[in-house]
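Visitor: Okay, so the sequence shown: first residue is 55 according to our numbering, each after it adds one.
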Amino acid sequence: MDRRELFVSAAAGAVGLALDPFGRVAHASGGTPSALVTADLESHVVLLNLRGGRIVSRFETAPGPRSIEGIGVNAAIVGHTEIGVVSILELERGLRLRAELEGFEAPRYAAVHPRRAYAYVSDSAREEVVVIHPGDARVLWRARVPGPARHISMSADGRTVWTALGTKAARIAVLDASDPRRPKLVRTFAPPFLAHDVVFAPDGRTVWVTSGEERRIALYGAERSPARILDAGAPPQHVTFARDKAFVASGDDGTVRRHRLNGRLVREARVPVGSYNIAFGFERLVTPSLGRGTIALLDGTGQVAWVRTVARAAHDACVLYGPLGGSS
Numbered sequence: 055m056d057r058r059e060l061f062v063s064a065a066a067g068a069v070g071l072a073l074d075p076f077g078r079v080a081h082a083s084g085g086t087p088s089a090l091v092t093a094d095l096e097s098h099v100v101l102l103n104l105r106g107g108r109i110v111s112r113f114e115t116a117p118g119p120r121s122i123e124g125i126g127v128n129a130a131i132v133g134h135t136e137i138g139v140v141s142i143l144e145l146e147r148g149l150r151l152r153a154e155l156e157g158f159e160a161p162r163y164a165a166v167h168p169r170r171a172y173a174y175v176s177d178s179a180r181e182e183v184v185v186i187h188p189g190d191a192r193v194l195w196r197a198r199v200p201g202p203a204r205h206i207s208m209s210a211d212g213r214t215v216w217t218a219l220g221t222k223a224a225r226i227a228v229l230d231a232s233d234p235r236r237p238k239l240v241r242t243f244a245p246p247f248l249a250h251d252v253v254f255a256p257d258g259r260t261v262w263v264t265s266g267e268e269r270r271i272a273l274y275g276a277e278r279s280p281a282r283i284l285d286a287g288a289p290p291q292h293v294t295f296a297r298d299k300a301f302v303a304s305g306d307d308g309t310v311r312r313h314r315l316n317g318r319l320v321r322e323a324r325v326p327v328g329s330y331n332i333a334f335g336f337e338r339l340v341t342p343s344l345g346r347g348t349i350a351l352l353d354g355t356g357q358v359a360w361v362r363t364v365a366r367a368a369h370d371a372c373v374l375y376g377p378l379g380g381s382s
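(1) So the candidates are R366, H369, V361 and A367; which of them puts its Cα closest to the Cα of N103?
(2) If you measure between the beta carbons of S389 and F243, is that distance less than 7 Å?
(3) With H, G and I counted as helix, E and B as strand and the rest as coil, what does DSSP make of D307?
(4) Look up Y163 in the DSSP assignment and say whether it is helix, strand or coil.
(5) How is F336 classed by DSSP in three states: helix, strand or coil?
(6) Are there 16 or more other CB atoms within 10 angstroms of the CB of K275, so buried, or fewer, so exposed?
(7) Measure the C-alpha to C-alpha separation of A231 and V199 and round it to an integer number of angstroms.
(8) Going by DSSP in three states, I3 sits in which element: helix, strand or coil?
(9) So is D370 buried or exposed if we call it buried at 16+ other beta carbons inside 10 Å?
(10) Leaving aside the five residues before and after E268 along the sequence, list all residues of the same chain whose C-beta is less than 7 Å from its C-beta, in chain order.
(11) Skipping 5 residues on each side, what residues in its chain have a beta carbon closer than 6 Å to that of P377?
(12) Which partner residues of F254 appear in the DSSP bridge assignment?
(13) Put D94 into one of helix, strand or coil per three-state DSSP.
(14) What are the start and end residues of the beta strand (DSSP E) that includes Y375?
(15) Determine whether the beta carbon atoms of V215 and Y174 lie at a separation below 7 Å.
(16) How many angstroms separate the CA atom of T221 from the CA atom of A129?
(17) Measure from the alpha carbon of L143 to the alpha carbon of each residue in G107, L194 and T115, then state which is nearest.
(18) Shortest alpha-carbon distance to V127 belongs to which of F334, D353 and L194?
(19) Helix, strand or coil: how does DSSP classify V228 here?
(20) Cα separation between G308 and D298?
(21) Nearest-angstrom Cα distance between A272 and R235?
(22) Please report the straight-line C-alpha distance between V263 and L319, rounded to a whole angstrom.
(23) Does the beta-carbon distance from A313 to A303 come in below 7 Å?
(24) Alpha carbon to alpha carbon, how far is A323 from V310? Give it in angstroms, no decimals.
(25) Quick one: measure Cβ to Cβ for V183 and P237, integer angstroms, because I've assumed they're closer than 8 Å.
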């Protein structure tokens, strides 16, 4: 679930290298926007060329790949919840396995530091936020939280982590990541409803918290209470951002809603039912359908460009940019 919008250019080369854990900026030498989609019932990840929707390859993984989050431009972290494994994949003329990390019980989702080579994985069974270094493929730190951590997000300045303590969470945990290697729990708080997804907006001023059981979204600012409550689609909803736009997917409704960052609703698009998760990157917006095994590509305005069937079930997706290998 790639919630970052990364721009890597000659002027921003130093930032790009910091975000590329393996020391390469893939599209510096040419690349293709692509999606990685987890086929959790078939134990593989689908590599899809987003310039037309062609399936490039199917990469066999450990059983049950569920969540996926992009790291930099050409790598991704995959959570295998049922077997307690985290995989790190690299896109370099096709997919390859960089590493498999054990020592988890139920890894759920990941957030990536905006400038440092760290990822933060929620482990719901161990009630932990686990810090890993993807490039070195090792666990650095385990921060205890008072509940089953699931959806997780990091602020744009890299100093704060929020995680919802459950799929219908009565509490949200806030961690201080001033030391990015060793985040520490500082408090929990009760949202105005049972929370599901938590996502920091790229402007650094708001956090969007969706409901796990109600048609509502809370927008938090600096206050400890929400600054605004929005009407939403059927729960659970998931959020991603593209510059000054927020996109909210409601899988049970089969919709993606586009909002301004202040919460104002702009438009709604129809996507396959079961399209719960949503990701943005490199000017592409994708949402996979858990129930129908499709992936839908939307443009930057939130309009559907095409839908492709890729697997029996498509749980999560992220957007990368790198050399695919073969013809594309």
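In this text, a Cβ means the ideal position worked out from N, Cα and C, and glycines have one as well.
Guide: For this structure:
(1) If we check each option's Cα against that of N103, V361 comes out closest.
(2) The question about residue 389 has no answer here: the residues shown for the chain are numbered 55 through 382.
(3) coil
(4) strand
(5) coil
(6) This sequence places Gly at residue 275; Lys is not what is there. So G275 ends up on the exposed side.
(7) 14 Å
(8) Outside the displayed span of the chain (55 to 382) sits residue 3, for which this structure offers no information.
(9) buried
(10) F247 and P289
(11) G85 and R147
(12) Looking at the DSSP assignment, F254 forms a beta bridge with V261.
(13) coil
(14) A371 to G376
(15) yes
(16) 27 Å
(17) Checked all of G107, L194 and T115; the closest Cα to L143 is T115.
(18) F334
(19) strand
(20) For G308 and D298, the gap between their C-alpha atoms comes out near 23 Å.
(21) 29 Å
(22) Cα to Cα, V263 sits roughly 16 Å from L319.
(23) The sequence given here has His at residue 313, not Ala. No, the pair does not count as a contact, with Cβ atoms beyond the cut-off.
(24) 5 Å
(25) 6 Å
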